[in-house]
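Chemist: Sending over a structure as structure tokens; questions will come in a sec.
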């Protein structure tokens, strides 16, 4: 057994964290005040069953080693050494990292792969299609290609050009699979990247940890990324940070959507531009960027998906206290890469004149609707009023009400009324869609999450009775698969819900982590100790879920009625209105 496993087997995370935090039993978990941020009400949850912890206040989470690294400010080897001493385990230095040797091999494989693909691109005839694409279509210079070590993986009949090369260099098939550059094919090992320009992914120490391949043909997917490996974790990897970190310390970070946006930006002199790889912005990305700056500008594509990504990123970054701006790419350009190639001066203006987030919302609403028509004004205000209602600072709120009033030629009083109504609507939605969990008086979670968490801890017969009464259709789309998996597991469980067994049935890593977080939720005092109270709570949640599902149907009908009214389709308006009335009555009866 390796040193890490020995320590994990010898120590209980509850005992270790208990040396730093006053933990108290809470259902099947423990809770206490988080040592990583100031708080009066406990939000740190620790699971003895999963041997993990999570703070629902600041987001700090992990296992026994993560906790010691964070609390002591040390790296993994030092954390292992301290925990081994605590457990009375004598370990040799070489055992600090059980995967140390394999990790070194993967770094070497990645370095050789990057050199191989770069060599094919710039010097070999088979690299010509990639070079033409990068230089003629993407307008990248030889210097940029060299600086970022871009390569090309050509199409071959056998699909094993790189794999054969690396095997001849002495690497084993297992090592190539673990590195992610090769995959299992029908007739053996083949290359992961074929017919693609290849962007090496380098960490801040300039080690190559993985790759992104962009097809130059019509094949799908357009982008293909290295899978998770010992050295690559997409949720915490920032592309271009190795070259941008010094500029970011001076100028703040500009976060874009893809590798080509980064390359073109750096080529044009914007050296503080970075991107994620194969995932949306995460809390891990923000924690890393927070080590370099507190200023971040989001410059995503000007389509609806880009705007949605911006909205989400802003909300996430706001929680970390970043000074946030948004760079608005004109809608005639697909992305920053295209803008830089077409009009470098305009691109410079866009980045220089990045706007405050609320100015961004106003610009977005105005660009998508006719601000001169009454219908357009209604749509703009319907979008903006809820946004403005969330502004906590009175002066700032007043500023934007006046600004919207001036741009739409609508009185301030009308806008203030709409903002006030939106605030009430939001409160009502929160009341119906969330529940208090007992972490503290202000902690709220979605009804569905609350139900999932309770089902994992309720007596098995009570949990089964509850899931029997529910169908996946009453859940929101993103939660239906989780409910189905949980229902299947519960109905097959014999005695008690085992979080370890259940998580082993989930293949998706993100979903598995979410399930663990749900298991760590805390509740009102003694809820799990009283079957009668718990039964009533579950019954109430079932009722509320059904109502929420019907309310979503009601919202859909309402939208359809508005569309029919705009089209002067009186017959359809009448028919839909009758359905609306029936559904409203059904909701009241529940």
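Numbering (the working numbering), first residue to last: 1488 to 2077. Cβ coordinates follow ideal geometry from the N, Cα and C atoms, glycine included.
Could you check the C-alpha separation between residue 1949 and residue 1776 for me, to the nearest Å?
Modeler: When rounded, the distance between both Cα atoms is 46 Å.
Chemist: Could you pull the start and end residues of the alpha helix (DSSP H) that residue 1566 belongs to?
Modeler: Run containing residue 1566: 1563-1574, per the alpha helix (DSSP H) assignment.
Chemist: Using beta-carbon positions only, say whether residue 1640 and residue 1575 come within less than 9 Å of one another.
Modeler: Contact flag unset, no.
Chemist: Within 10 Å of its beta-carbon, does residue 1789 have 16 or more other beta-carbons around it, so buried, or fewer, so exposed?
Modeler: The residue is buried, with at least 16 neighbouring Cβ atoms inside 10 Å.
Chemist: By a C-beta neighbour count over all protein chains shown, 10 Å radius and 16 as the cutoff for buried, is residue 1781 buried or exposed?
Modeler: With fewer than 16 Cβ atoms within 10 Å of its Cβ, residue 1781 is classed as exposed.
Chemist: Within 10 angstroms of its Cβ, does residue 1564 collect 16 or more other Cβ (buried), or is it exposed?
Modeler: Looking at its Cβ environment, which holds fewer than 16 other Cβ atoms inside 10 Å, residue 1564 is exposed.
Chemist: For residue 1833, name the three-state secondary structure that DSSP assigns.
Modeler: Residue state, collapsed to three classes: helix.
Chemist: Quick one: does residue 1987 have its CB under 9 Å from some CB of chain C?
Modeler: Absent here is chain C; the protein component of the structure consists of one chain.
Chemist: For residue 1509, which residues of its own chain have a beta-carbon under 8 Å away from its beta-carbon, when the five flanking residues on both sides are left out?
Modeler: The residues are 1519, 1520.
Chemist: Can you tell me whether residue 2043 is buried or exposed? The criterion is at least 16 other CB atoms within 10 Å of its CB, across all chains shown.
Modeler: Its Cβ having fewer than 16 others within 10 Å, residue 2043 is exposed.
Chemist: Would you mind sorting residue 1679 into buried or exposed? The rule is 16 or more other CB atoms within 10 Å of its CB.
Modeler: Looking at its Cβ environment, which holds 16 or more other Cβ atoms inside 10 Å, residue 1679 is buried.
Chemist: May I have the straight-line CA-CA distance separating residue 1601 from residue 1638, to the nearest angstrom?
Modeler: Those two C-alpha atoms are separated by around 7 Å.
Chemist: Using only CA atoms, which one of 1598, 1642, 1599, 1595 lies nearest to residue 1617?
Modeler: With distances taken between Cα atoms, residue 1617 lies closest to 1642.
Chemist: Is the CB-CB distance between residue 1822 and residue 1747 below 9 Å?
Modeler: The answer is yes: Cβ separation under 9 Å.
Chemist: Could you round the C-beta distance between residue 1556 and residue 1547 to whole angstroms and report it? I think they count as a contact, below 8 Å.
Modeler: With 8 Å as the limit, residue 1556 and residue 1547 do not qualify as a contact, their Cβ atoms being about 11 Å apart.
Chemist: How is residue 1718 classed by DSSP in three states: helix, strand or coil?
Modeler: Residue 1718 falls in the coil class under three-state DSSP.
Chemist: Quick one: is residue 1960 buried, meaning 16 or more other Cβ sit within 10 Å of its Cβ, or exposed?
Modeler: It counts as exposed.
Chemist: Could you say which of 1552, 1528, 1536 lies nearest to residue 1542 if we only look at CA atoms?
Modeler: When only C-alpha atoms are compared, the closest one is 1528.
Chemist: Below 8 Å, how does it come out for the segment 1825-1839 and the segment 1864-1875: are there three or more Cβ pairs, yes or no?
Modeler: Too few Cβ pairs lie closer than 8 Å, so no.
Chemist: Spell out a yes or no on whether the segment 1599-1614 and the segment 1644-1652 are touching, meaning 3 or more CB-CB pairs, one atom from each, closer than 8 Å.
Modeler: Short answer: they touch.
Chemist: Closest to residue 1897 by CA distance: which of 1792, 1858, 1886 is it?
Modeler: The shortest Cα separation from residue 1897 among 1792, 1858, 1886 belongs to 1858.
Chemist: With residue 1955 as the anchor, note down where its beta strand (DSSP E) starts and where it stops.
Modeler: Unbroken run through residue 1955 is the alpha helix (DSSP H), 1947-1955; no beta strand (DSSP E).
Chemist: Please state whether DSSP places residue 1598 in a helix, a strand or coil.
Modeler: If DSSP states are grouped into helix, strand and coil, residue 1598 belongs with the helices.
Chemist: In three-state terms, what does DSSP make of residue 1657?
Modeler: Three-state DSSP puts residue 1657 in coil, outside helix and strand.
Chemist: Of all the options 1850, 1824, 1843, 1995, which has the alpha carbon lying nearest to the alpha carbon of residue 1624?
Modeler: It is 1824.
Chemist: What is the rounded straight-line gap between the Cα of residue 1918 and the Cα of residue 1732?
Modeler: Since pLDDT at residue 1918 reaches only 45, below the 50 mark, its modelled position is unreliable, and no value is offered.
Chemist: Check each candidate in 2066, 2045, 1743, 1595 and name the one with the smallest Cα separation from residue 1658.
Modeler: For the residues 2066, 2045, 1743, 1595, the minimum Cα distance to residue 1658 belongs to 1595.
Chemist: Spatial neighbours of residue 1812 within its chain, please: C-beta separation below 7 Å, excluding the five flanking residues on both sides.
Modeler: Excluding residues within five positions, the ones whose Cβ falls inside 7 Å are 1784, 1841, 1842, 1843.
Chemist: To test your reading of the DSSP string, which unbroken alpha helix (DSSP H) runs of 4 or more residues are found completely within the segment 1981-2018?
Modeler: Listed in chain order, the complete alpha helix (DSSP H) runs (minimum 4 residues) inside the segment 1981-2018 are 1986-1991, 1996-2006.
Chemist: Counting along the chain, where does the beta strand (DSSP E) carrying residue 1689 start and finish?
Modeler: Start and end: 1683-1689.
Chemist: Just checking my contact of residue 1761 with residue 1803 at CB under 8 Å: how many whole Å lie between their CB atoms?
Modeler: So it is not a contact: roughly 16 Å between Cβ atoms.
Chemist: Below 6 Å CB to CB, which residues in the same chain sit around residue 1695 once its five sequence neighbours on both sides are set aside?
Modeler: Once the five neighbours on either side are set aside, the close Cβ partners of residue 1695 are 1597, 1598, 1601, 1687, 1689.
Chemist: Looking at the unbroken alpha helix (DSSP H) that takes in residue 2106, where does it start and where does it end?
Modeler: Nothing in the structure corresponds to residue 2106, since the chain is present only between 1488 and 2077.
Chemist: Measuring alpha carbon to alpha carbon, tell me which residue in 1530, 1540, 1758, 1768 is nearest residue 2000.
Modeler: Residue 1540 is the option with its Cα nearest to residue 2000.
Chemist: Could you have a look at residue 1777 and say whether DSSP puts it in helix, strand or coil?
Modeler: If DSSP states are grouped into helix, strand and coil, residue 1777 belongs with coil.
Chemist: With DSSP as the reference, identify every bridge partner of residue 1532, one or two as the case may be.
Modeler: Per DSSP, 1518, 1541.
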